[in-house]
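In order, the protein sequence lines correspond to chains A, B and C. The numbering of the first sequence is this note's numbering, which starts it at 17 and goes up by one. The numbering of the second sequence is this note's numbering, which starts it at 50 and goes up by one. The numbering of the third sequence is this note's numbering, which starts it at 127 and goes up by one.
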Amino acid sequence: MTDVAAVHGHAKSGFWARLTAPENRGPLLVAPAIITLFVMNIFPLLWSFGLSFFNYRANRQNVPEFVGLKNFERVLTDEKIWDRFQTTAIIVGSSVTLQLIIGFSLAMLFAKHFPMRRIIMMLVLTPMMLSFVSVGVFFKLYYEPTFGLLSWVVNLFSSEPFALLSSSTGALIGIIFADAWMWSPFVMLLVLAGLVSVPKYLYEAAEIDRVSSWRRFVTITLPYIKSLLLLAILFRTIETFKIFDIIYIITEGGPGSSTESIAVNIYRMAFQNFRTSRSGALAYIILFIVIVLTNLYLYSVNRRAHEETL
Amino acid sequence: MPLSTFHRQVLGTCAATLLTGGFSTPLLAADITINMAAPDWPPTRFFKEHFDKTYKSPAGHNTTLEMDFIPWPSFYERVAASLTSGEQKYQMIVTDSQWLGSFVEGGYYLDLTEKIKADPELIAIMEDLHPALVSAYSTYPHKSRKQLEEAGSAIAPDTHYYGFPQFPDTYVTFYRKDIFCHEGEAAAFKEQYDATLPCTYEDWQDVDWERYAQIGKFLKRKKGEQLAGETLTDDFYGISYQAGKGYDFSSMQANAFIWQHGGDIWDETNAPEGQAEGVVNSDVAVEAFEHYLSMIPDMPPVAQTGQMDIFVIQDLYMQGKVASTIDWVGLGEPVLDPASSKVHDKSAFGPAPGLRKEDGSIDRTGNIGGQPFVLTTWNSDEVVDEALNVVKWWLDPDTQIEAVSNGGQSGLMSVMADPSYNDLRPWNRAHVEMIDWQKDVWHIPLFFEMLTQQQEEFDKAITGQKSARDALDAVAEFQQELLEDDGFIE
Amino acid sequence: MAKQREIGKAGWGHTAVAGIVGFIYFFPVFWIILTAFKTRTDALEIPPKLFFTPTLDNFRAVFFRSSITSDETAATNFILYFFNSIFIAGTAVLLAMLIGTLAAYAFSRHPLKGNDTYLFIILTTRMMPPIVVIIPIFLMFRLTGLAGSYWGILLLYTAFNIPFSIWLVKSFFDELNPEIEDAARMDGSTDWRVFFGICLPQIYAGLAATFVFGMILTWNEFLFALLLTGVETRTVPVAMARTLGGSVGVDYGLLAAIVTLFLIPICIVTFLLQNQLLRGVTFGTVKK
Chain A
17 MTDVAAVHGH
27 AKSGFWARLT
37 APENRGPLLV
47 APAIITLFVM
57 NIFPLLWSFG
67 LSFFNYRANR
77 QNVPEFVGLK
87 NFERVLTDEK
97 IWDRFQTTAI
107 IVGSSVTLQL
117 IIGFSLAMLF
127 AKHFPMRRII
137 MMLVLTPMML
147 SFVSVGVFFK
157 LYYEPTFGLL
167 SWVVNLFSSE
177 PFALLSSSTG
187 ALIGIIFADA
197 WMWSPFVMLL
207 VLAGLVSVPK
217 YLYEAAEIDR
227 VSSWRRFVTI
237 TLPYIKSLLL
247 LAILFRTIET
257 FKIFDIIYII
267 TEGGPGSSTE
277 SIAVNIYRMA
287 FQNFRTSRSG
297 ALAYIILFIV
307 IVLTNLYLYS
317 VNRRAHEETL
Chain B
50 MPLSTFHRQV
60 LGTCAATLLT
70 GGFSTPLLAA
80 DITINMAAPD
90 WPPTRFFKEH
100 FDKTYKSPAG
110 HNTTLEMDFI
120 PWPSFYERVA
130 ASLTSGEQKY
140 QMIVTDSQWL
150 GSFVEGGYYL
160 DLTEKIKADP
170 ELIAIMEDLH
180 PALVSAYSTY
190 PHKSRKQLEE
200 AGSAIAPDTH
210 YYGFPQFPDT
220 YVTFYRKDIF
230 CHEGEAAAFK
240 EQYDATLPCT
250 YEDWQDVDWE
260 RYAQIGKFLK
270 RKKGEQLAGE
280 TLTDDFYGIS
290 YQAGKGYDFS
300 SMQANAFIWQ
310 HGGDIWDETN
320 APEGQAEGVV
330 NSDVAVEAFE
340 HYLSMIPDMP
350 PVAQTGQMDI
360 FVIQDLYMQG
370 KVASTIDWVG
380 LGEPVLDPAS
390 SKVHDKSAFG
400 PAPGLRKEDG
410 SIDRTGNIGG
420 QPFVLTTWNS
430 DEVVDEALNV
440 VKWWLDPDTQ
450 IEAVSNGGQS
460 GLMSVMADPS
470 YNDLRPWNRA
480 HVEMIDWQKD
490 VWHIPLFFEM
500 LTQQQEEFDK
510 AITGQKSARD
520 ALDAVAEFQQ
530 ELLEDDGFIE
Chain C
127 MAKQREIGKA
137 GWGHTAVAGI
147 VGFIYFFPVF
157 WIILTAFKTR
167 TDALEIPPKL
177 FFTPTLDNFR
187 AVFFRSSITS
197 DETAATNFIL
207 YFFNSIFIAG
217 TAVLLAMLIG
227 TLAAYAFSRH
237 PLKGNDTYLF
247 IILTTRMMPP
257 IVVIIPIFLM
267 FRLTGLAGSY
277 WGILLLYTAF
287 NIPFSIWLVK
297 SFFDELNPEI
307 EDAARMDGST
317 DWRVFFGICL
327 PQIYAGLAAT
337 FVFGMILTWN
347 EFLFALLLTG
357 VETRTVPVAM
367 ARTLGGSVGV
377 DYGLLAAIVT
387 LFLIPICIVT
397 FLLQNQLLRG
407 VTFGTVKK
């Protein structure tokens, strides 16, 4: 009723509406979003938090017992888990770096208007629109020693069979390359957005001063895209942290466990082994890390906003 | 524990509503829909097509079969999700035998022991089913074939029965006649190893692992060399078997080596006395595993990546990159199809090699494949009875012969003993010979955890990260701890 | 709109360079599309076949399946799955945009107490690996019976798109000049009219970008779709898995055909709204 009154009220006098709206309208408009998120995200999270203190398994009928912090202890003292975190860190570090390099180079290429730009840019954007399944399956095929395109190319120069995925390093390279190929266009768009926002008069001024192109890049372009790059690093880090499908399809975590990421591990724990509670505990440890990363991300975004207002 | 109590109550109410709402009034002729979860492949596609054409309910019901065809790679996850989420969607489920424990313990698969005991037709079926299949596909807690046979009757005491064969599978050797029967190659092989290059089925019956390894060395050729009178345009290999990290794609073959050498995996039919430590990593087991690994260097290079799974060896064989492969009968049909196979007109099938014993006989013990199908627990008696009618229809000899003619396999001894059986499909003779050697891997709910860890350790050995002994030590240690925790080892 | 971004111009020479780079980058996709027109034996042929007799069998197999027991063919459910994908992704993204736009407007114009905290929590839910929430969601669906229904997966995808929509749309609202709105209110416009008549038309581009990004992120979602959709609600990424191993390993041609078909709608959407993409990707942090 008060809302209706408010609507009527402000129709008569703008002053009054502006006074009351922040109190009523804000919460009202935000409510659907908060409710949906609470039901589908926050509530399940709290539930899982509760479960992580029990010894529940989704495929057993026994009534779960309260075990306190045992699941957390077990996960944190498991060498395997730390090994998986390490693998994830290697993949994230290398893949994000590669995405930045490729994405940056592509962005430089597309930072100008030229004929057929939109069509050629579509070619570069397509990998991002493929499903993980197809990227996984076809890169696995490209790497296959007998049938693979890559192996075929290598065999033009050497007669030894080329099995990229046979060593830990090779398998990691294979995974990182596929992931970086898929997501570099994302970074490209990000950088491109930064590049196109550099005011043209700055370049014109630099031209008059006959500044070298490297200096021009360092003094004009970089400051404009610096915080955007940081943003790209953080955003892709958080996304790559979740890497699952590509690994699961290309190597299944092999050889041995060389490429098994934390997401693959938690998937096995939750859906193959049905260690529901234990996987919940691990999920919370991951969530903690993600929140730290998110904070860094926000910090960088805010700093950029701050820079812009200066 | 407010969560669990709550969830139990809600579940209970849901189940009750379904039962009373759905099928409370028994009529003489009812409309019954049976939802069945099935992997998406020809044996189950045939099941559906043949059902629609021929099934008539003996109880006079108007029965429809709704199949949910789920892609193989996500079949386990999908079935597990459906069962544990409590949606109670399926009345029948095609299942890998290893999943029995997990889903029986979860309360999803129906114990059919009493139903079978009360029904002479079902008893007759159980008596006619090959005992290796009854042991592997039906019993939980798992009983070995020996334990069942010692009981002396089709329904052993203290044994619970759950499943019936939907597709009984074994691995056999797929081989290229044009190479193995090539006179020049045979003569060269004779000269080099003083042995016959196996060409006929009978020749293959005499192939042991030693001979198979020789074939591997003999037929491994580089690009540009000669093979069966032709110049090779690509590297060529003689032998292959599964050695992949995914699912069970190395354990199935490695287990065969371990059993043939006289070693053992952790034996759940001996639980809780049976140990993992000292058994899984015994000297014999290590020797057997080393034997399994010893042939891999002569196989196609994908073996070095630990990805030589059952489909990769099938592809290598069908594209003419390898002269022979040991693979499931269930994957045989595409080999004969010109659309998928370059060697469709050059292929023949023999038994899988085994280990020669001191008396000269060959031990071919292998790990059974294929799938049983089971009933679920949330159905009315009427639906259960009708589902059992479907079971009887499927295991009727006429249906079985039809299934076999269309690329299936039968588990009924009377059907397999039929003289025409071997001619129905080219691998049938080998399949019948192999089925008698089959044993199964674990059925307990922890199976997936054990399998994943074992596959990972085996993969380390296959890709050269670890020795056979270190890998088996790691497997034994893990299994011992895991099984002790859950009371399967005391 | 008055201050157009100024970027350099280049001629056909640049087009040639970009074209070559673009094609190399596109090559793995090109090879997938080529594979869609190959027979199975051609797909695995070594040396790789660039020239071959194209076949449409794979595309036929996407829609029709031949029977085991007879020569008949039956329709696959692919059209249903295709519809499901478009319907579920489209509806969820639009719903998320609707809910997100309302919330974004509130966050921008009527800040709540602890506005930033709300925004942070909302963003956190987006950044979380799906694996973290899938376990409890799975259990929740088990209780509510949402598993397998359109409602379940729609709600889930909507929830996953909301944080992103809020952040993106809010940044567009933030950029608008509030004086115009104030002036309109002074002239007696209702809030309703200010929102629909003045604010929304100005951020049309932003809404387009939100839509494209939401679609790209939702279109190929696999894990939730696998576990929470049923026979009737299955989406293409899940159905695609049928090509990954039955009685024959990976059916490369069929997979490639499905992938190719499945790329078409999302490519069209992206191409049409491409210019707005530059805007959307930064979570709206780039200002004019």
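Where is the CB? At the ideal position from N, CA and C, for every residue including glycine.
By the criterion of Cβ-Cβ separation under 9 Å, what are the contact partners of residue i in chain B?
i	result
PHE264(C)	ALA130, THR133, SER134
GLN77(A)	GLU154, GLY155, GLY156
SER87(A)	The question names Ser, but residue 87(A) is Asn in the sequence shown. Going along chain B, no residue has its Cβ under 9 Å from ASN87(A), so there is no contact; the nearest lies around 14 Å.
VAL188(C)	The contacting residues do not exist; VAL188(C) stays about 14 Å from chain B at best.
Mind checking if residue i is an interface residue toward chain B, Cβ cutoff 8 Å exclusive?
i	result
THR237(A)	no
VAL357(C)	yes
SER315(C)	no
PHE154(A)	no
In angstroms, rounded to a whole number, what distance separates the CA positions of residue i and residue j?
i	j	result
PRO75(B)	PHE190(C)	Here PRO75(B) scores only 47 on pLDDT, less than 50, and its place in the model is too uncertain to base an answer on.
ASN281(A)	ILE97(A)	8 Å
ARG474(B)	ALA352(B)	30 Å
THR103(B)	PHE216(B)	19 Å
VAL464(B)	ILE450(B)	7 Å
VAL384(B)	PHE178(A)	27 Å
LEU224(C)	GLU307(C)	21 Å
PHE72(B)	LEU165(A)	Confidence in PHE72(B) is poor, its pLDDT being 44 and thus under 50, which makes the residue's placement too unreliable to answer from.
GLY155(B)	VAL83(A)	21 Å
ALA27(A)	SER315(C)	Reliability of the predicted coordinates at ALA27(A) is poor, the pLDDT of 46 falling under 50, and no value is obtained from them.
ALA130(B)	PRO304(C)	50 Å
THR251(C)	MET132(A)	39 Å
THR386(C)	THR142(A)	11 Å
LEU178(B)	ILE266(A)	40 Å
Under 8 Å, Cβ to Cβ, is there at least one residue of chain A near residue i?
i	result
GLN137(B)	no
CYS325(C)	no
Please confirm whether residue i has its beta-carbon closer than 8 Å to some beta-carbon of chain C.
i	result
VAL361(B)	yes
THR142(A)	yes
ARG270(B)	no
TRP98(A)	no
GLN368(B)	yes
Out of the options, point me to the one whose CA is closest to residue i's CA.
i	options	result
PRO289(C)	GLY226(C), CYS325(C), PHE264(C)	GLY226(C)
GLY371(C)	THR188(B), SER151(B), GLN363(B), GLN487(B)	GLN363(B)
LEU342(B)	SER300(B), LEU246(B), ASP117(B), TRP315(B)	SER300(B)
GLN504(B)	ALA525(B), ILE204(B), LEU424(B)	ALA525(B)
PHE348(C)	LYS296(C), THR179(C), GLU198(C), PRO256(C)	PRO256(C)
ILE83(B)	ASN428(B), ASP508(B), SER516(B)	ASN428(B)
PRO171(C)	GLY150(B), GLU274(B), ASP535(B), SER389(B)	One detail in the question is off: residue 171(C) reads as Glu in this sequence, not Pro. For GLU171(C), the nearest C-alpha among the options comes from SER389(B).
Note down, in chain order, every chain C residue with its Cβ under 8 Å from the Cβ of residue i.
i	result
THR162(A)	ILE172
Mind listing the chain A neighbours of residue i? Cutoff is C-beta to C-beta under 9 Å, in chain order.
i	result
ASP508(B)	GLU268, GLY269, GLY270, PRO271, GLY272, SER273
Name the chain C residues whose beta carbon is nearer than 9 Å to that of residue i?
i	result
GLY379(B)	SER373
Please list, in chain order, the chain B residues whose beta carbon lies closer than 7 Å to that of residue i.
i	result
LEU181(A)	THR354, GLN356
ARG166(C)	ALA388, SER389
ARG368(C)	ASP89, PRO120
Residue i touches chain A at which residues, Cβ-Cβ below 7 Å?
i	result
ASP284(B)	PRO177
Which bits of chain C does residue i rub up against, with CB to CB less than 7 Å?
i	result
ASN57(A)	THR251, VAL259, ALA285
Chain D partners of residue i, CB-CB under 9 Å?
i	result
ARG284(A)	Looking for chain D here will not work: the only protein chains present are A, B and C.
Members of the segment 292 to 315 of chain C that neighbour chain B once the beta carbon cut-off is set at 7 Å: none
Residues from the segment 388 to 412 of chain B in contact with chain A, defined by Cβ distance under 8 Å: none
Contact residues within the segment 84 to 100 of chain B, judged by C-beta distance below 7 Å to chain C: ASP89, TRP90, PRO91, ARG94, PHE95, GLU98, HIS99
Residues of the segment 194 to 206 of chain C with Cβ closer than 7 Å to any Cβ of chain B, in chain order: ILE194, THR195
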